[in-house]
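A.B. asks:
In my numbering, the protein residues as written are 4 to 289.
1. Alpha carbon to alpha carbon, what distance is there between residue 282 and residue 248?
2. Compute the Euclidean distance between the alpha carbons of residue 116 and residue 203, then round it to the nearest angstrom.
3. Which partner residues does residue 129 have in the DSSP bridge list?
4. Closest by CA to residue 2, which one among 171, 79, 148?
5. Since residue 209 and residue 196 are thought to touch, with beta carbons under 8 Å apart, how far apart are those beta carbons, to the nearest angstrom?
6. Between 264, 184, 258, which lies nearest to residue 221 when the distance is taken from Cα to Cα?
7. Give every residue of the same chain whose Cβ lies closer than 7 Å to the Cβ of residue 107, excluding the five residues on either side of it in the sequence, and list them in chain order.
8. DSSP three-state call for residue 19: helix, strand or coil?
9. Distance, Cα to Cα, residue 182 vs residue 50?
10. Which complete alpha helix (DSSP H) runs does the region 171 to 257 hold, if anything under 4 residues is left out?
11. Indicate the three-state DSSP secondary structure (helix, strand or coil) for residue 273 in the structure shown.
12. List the DSSP bridge partners of residue 69.
13. Would you identify the three-state DSSP class for residue 53, choosing helix, strand or coil?
14. Could you name the residues of the same chain whose beta carbon sits closer than 6 Å to that of residue 226, not counting the 5 residues immediately before and after it, in chain order?
15. What are the start and end residues of the alpha helix (DSSP H) that includes residue 266?
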């Protein structure tokens, strides 16, 4: 891994991407109804039809806070599950060290939602129990999403791992938010979630010079900029189309930066209208 770190200044904050882990998912689950003959040109699959994806953590620093958006999968997985997802090594400490931080200095973790690939890295196994990776952090999640994760519907049950949800609920450090909430001046948790999963939220960081929106799993990669290009995991595809249309209109009108959680090639970008759908206009280093 390179020791070079890109940082983006946004008002009172600096943003930096932590490239902590990769995993592999079935191509059909990532691209939904898009035929393989089309999506394999974007991300070639392996011999098991899986595509390799990053799980990025966005680090936001400023106002004496060190905030993470999501936490990837981490290490508390069985050998069977690690093999199923071809889970990479966990580079959290290395990536934090590049940023001049350690686990104890993380003050807040915002979860876009609690699917396993976004929450698992907040906990690790010690002595047969799950313990917090960030012992001094507060955790923020939409109330509706936590309730959904605690009692998931049949479609989503595989995406919510009971042990992590219980650990989060028992941590004593979780704050449930209801709707769009300002965490700090310039940092908003925006409720935009009934399509991918109930209570999904975006994170918006704004200030002099730029505005960045973390797309969560509403727009996980640049290959999902087309409004009909959803994930097979989405619980309400028509709602995804509606939510994505709203978000893309705002991003285009304001020239805001979109940060991708799972794009294997592009970390963040400013967008433009293409011939058929919205496309990347300019990549942005974060």
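Quick reminder that beta carbons are idealized off the backbone N, C-alpha and C, glycines included.
C.D. replies: In short:
1. Going by the C-alpha atoms only, they are around 13 Å apart.
2. In this structure, the CA atom of residue 116 is about 5 Å from the CA atom of residue 203.
3. Partner(s): 132.
4. Residue 2 cannot be examined here, being either before or after the span of the chain that is shown, 4 to 289.
5. The pair is not a contact, with the Cβ atoms about 20 Å apart (cut-off 8 Å).
6. Ranking the options by Cα distance to residue 221, first place goes to 264.
7. Closer than 7 Å at the Cβ level, and outside the excluded window around residue 107, lie 138, 139.
8. Strand.
9. The alpha-carbon atoms of residue 182 and residue 50 are separated by roughly 42 Å.
10. With a minimum length of 4 residues, the continuous alpha helix (DSSP H) runs that stay inside the region 171 to 257 are 240 to 257.
11. Residue state, collapsed to three classes: strand.
12. DSSP output for residue 69 lists 64 as bridge partner(s).
13. Strand, per DSSP.
14. Excluding positions up to five away in sequence, the list reads 45.
15. Counted as a single uninterrupted DSSP element, the stretch harbouring residue 266 is not any alpha helix (DSSP H), since DSSP gives it neither H nor E.
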